[in-house]
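At position 307 of the sequence shown the residue is numbered 347 (my numbering), and the sequence of numbers has no breaks.
The beta-carbon is built from N, C-alpha and C at its ideal position, and this holds for glycine as well.
Keep in mind that this is a model prediction, so the values were computed, not measured.
Let me begin by presenting the structure, written as structure tokens, before commenting on it.
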Amino acid sequence: MKPIKIAENIWWVGVADWELRDFHGYETEKGSTYNAYLVKGADKTVLFDTVKAEYADKFIHSIKQVIEPEKIDYIVSNHSEMDHTGALPEVLELVKPEKLFTTRKGEEVLKGHFHRDDWPIEIVDKDNGLDIGGKTIKFIASPMLHWPESMVSYIPENGMLISNDIFGQHWATSERYDDEVDQGELYHQAAKYYANIFNGVSNAMKRFLDKLNDETGEIKIIGVDHGLIWRKDIEGILKKYRQWAAQETGNKAVVVFDTMWGSTAKMAGAIVSGLVDEGIEVKQCDLRVNHRSDVITEILEAGAVVVGSSVINKGILPKMGDFLTYMTGLIPRGRIAASFGSYGWNDGALKKINEEMAGAKMEIFEDCLTVNWVPTHDDLTRCFDYGKRIASAVKAKH
Ligand code: FEO
Numbered sequence: 041m042k043p044i045k046i047a048e049n050i051w052w053v054g055v056a057d058w059e060l061r062d063f064h065g066y067e068t069e070k071g072s073t074y075n076a077y078l079v080k081g082a083d084k085t086v087l088f089d090t091v092k093a094e095y096a097d098k099f100i101h102s103i104k105q106v107i108e109p110e111k112i113d114y115i116v117s118n119h120s121e122m123d124h125t126g127a128l129p130e131v132l133e134l135v136k137p138e139k140l141f142t143t144r145k146g147e148e149v150l151k152g153h154f155h156r157d158d159w160p161i162e163i164v165d166k167d168n169g170l171d172i173g174g175k176t177i178k179f180i181a182s183p184m185l186h187w188p189e190s191m192v193s194y195i196p197e198n199g200m201l202i203s204n205d206i207f208g209q210h211w212a213t214s215e216r217y218d219d220e221v222d223q224g225e226l227y228h229q230a231a232k233y234y235a236n237i238f239n240g241v242s243n244a245m246k247r248f249l250d251k252l253n254d255e256t257g258e259i260k261i262i263g264v265d266h267g268l269i270w271r272k273d274i275e276g277i278l279k280k281y282r283q284w285a286a287q288e289t290g291n292k293a294v295v296v297f298d299t300m301w302g303s304t305a306k307m308a309g310a311i312v313s314g315l316v317d318e319g320i321e322v323k324q325c326d327l328r329v330n331h332r333s334d335v336i337t338e339i340l341e342a343g344a345v346v347v348g349s350s351v352i353n354k355g356i357l358p359k360m361g362d363f364l365t366y367m368t369g370l371i372p373r374g375r376i377a378a379s380f381g382s383y384g385w386n387d388g389a390l391k392k393i394n395e396e397m398a399g400a401k402m403e404i405f406e407d408c409l410t411v412n413w414v415p416t417h418d419d420l421t422r423c424f425d426y427g428k429r430i431a432s433a434v435k436a437k438h
């Protein structure tokens, strides 16, 4: 796509990846964009971030529509992950910048990725902002968001925050701004991004949001590295991030399960009925048809997670093993966690589900509810009552 002028002497020069469907385990059903920004000052021209390696040609073509690449003086690498640095070797070769700005950790990661000692890396810290003539750039570290080396850049003259992955969405669109697209889908994709990328570092996010408040003036535009640029509902997305970072949850439960011959699915259905009967919002997610990244998105604002599996080979079903690894990695701490499942001759594996969730600092609710073979009418009543008790615990907490 053509570059887009987003403010005086500032251009979006990113690329759209319409075909992306998997981002290290996160299903990106609507593709993504890799956003980069070109900022011209009276004295210096700066490129913020690059794109995935395979899009280097498109990216350079986009830059050339604004400026001859050789005229770029500085490159800023806000985040070293390969979707923003893959094209860096090719771009550096062409641009030959005076300086490549990154954090100290960023230097380590760039060297670890590209094994180059000849790049003109300049380490930034909070005190060395950059005057490029009529515009200044303030670097603000954002450690662990979501890598240790991450930072954001703020241009006070334009009230523009270039925020690396923060506030982003994996969504390829022909539109570039938040106010040009469906708001429900925009916030769904922003929530999915937070749940799958940032939820595990929510404490760091809280600290960062406070720092952002202290160290920037008014934010009028947020140039994210993925998806739509925020120019209208800045307060809306900041408010959502504060809520997600605080791990604010509501009267909602997610029942997620896999089943071998349908017994655990029957249990799930009865538990869902019990939860619904208590009047809370419920999402039923069979892992055979729901992707892990969509289930995590549902859990983002849920007060309880109820996890079920059948037993196979003395363990839980493989899709549930995958899901538990993914979920506990994203640390949905503080949420009520319950488990259930059916077994034939050994229920040991089911008992271990709670141990795993306790290890992720979830609040374990009662022992795992188990059924031997196929649930009877009485078993389903037990499941229904279990759901009701979980719902009562959720309501008591909110
Ligand atoms: Fe968009 Fe963490 O890379």
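Pairing Trp-187 with Leu-252, the inter-Cα distance amounts to about 18 Å.
In the three-state reduction of the DSSP assignment, Asn-49 falls in the coil class.
Beta-bridge annotation (DSSP): Met-191 is paired with Ala-181.
In the three-state reduction of the DSSP assignment, Val-351 falls in the strand class, which pools E and B. In the structure shown, the three-state DSSP call for Ala-293 is strand.
DSSP places Tyr-383 in the uninterrupted beta strand (DSSP E) bounded by 376-383. Classified as exposed, Trp-58 has fewer than 16 neighbouring CB atoms from the shown chains inside 10 Å of its CB.
At a cut-off of 7 Å, the beta-carbon of His-186 counts as near the ligand FEO: some heavy atom of the ligand is closer than that. Counting the other CB atoms within 10 Å of its CB gives Trp-413 a total below 16, which places it among the exposed residues. The beta-bridge partner set that DSSP reports for Gln-324 consists of Val-295. In this structure, the C-beta of Asp-265 approaches the ligand FEO to less than 7 Å from one of its heavy atoms. Ala-400 places its beta carbon less than 8 Å from that of Arg-373. Restricting attention to alpha helix (DSSP H) runs no shorter than 4 residues, the region 201-268 encloses them at 223-233 and 242-255, ordered along the chain.
For Gly-343, the three-state secondary structure derived from DSSP is strand.
Gly-381 is the residue among Gly-381, Leu-60 and Arg-422 whose C-alpha sits nearest the C-alpha of Trp-301.
Annotated three-state conformation of Ser-120 is coil, per DSSP.
When C-alpha distances from Glu-406 are compared across Lys-391, Asp-418, Thr-416 and Asp-419, the shortest belongs to Lys-391. Inter-residue distance for Met-41 and Tyr-74 is about 12 Å (C-alpha atoms, whole angstroms). Non-local beta-carbon contacts of Lys-428 in its own chain, meaning distances under 8 Å to residues more than five positions away in sequence, involve Gly-314, Leu-315, Asp-317 and Glu-318 in chain order. Apart from the 5 residues on each side of it in sequence, Pro-183 sits with its Cβ closer than 7 Å to the Cβ of Ser-190 and Ala-244 in its chain, given in chain order.
Residue pairing by DSSP places Tyr-66 opposite Phe-63 in a beta bridge. Contact check for Ala-230 against Leu-340 fails: the beta carbons are separated by 8 Å or more. Using a Cβ distance threshold of 8 Å, Leu-357 and Asp-425 do not count as a contacting pair. Beyond the five residues adjoining it in sequence on each side, Glu-67 comes within less than 6 Å, by CB distance, of His-331 and Ser-333 in the same chain, given in chain order. Per the coordinates, the alpha-carbon of Lys-178 lies some 8 Å from the alpha-carbon of Pro-196.
Here the distance from the Cβ of Asp-62 to the nearest heavy atom of the ligand FEO is not below 7 Å.
Between the ligand FEO and the CB of Glu-189, the shortest heavy atom gap is not smaller than 7 Å. Here DSSP, grouped into helix, strand and coil, assigns Thr-304 to helix. Straight-line measurement puts the Cα of Asp-123 at about 31 Å from the Cα of Val-296.
In the DSSP assignment, the residues bridged to Ser-72 are Asp-57.
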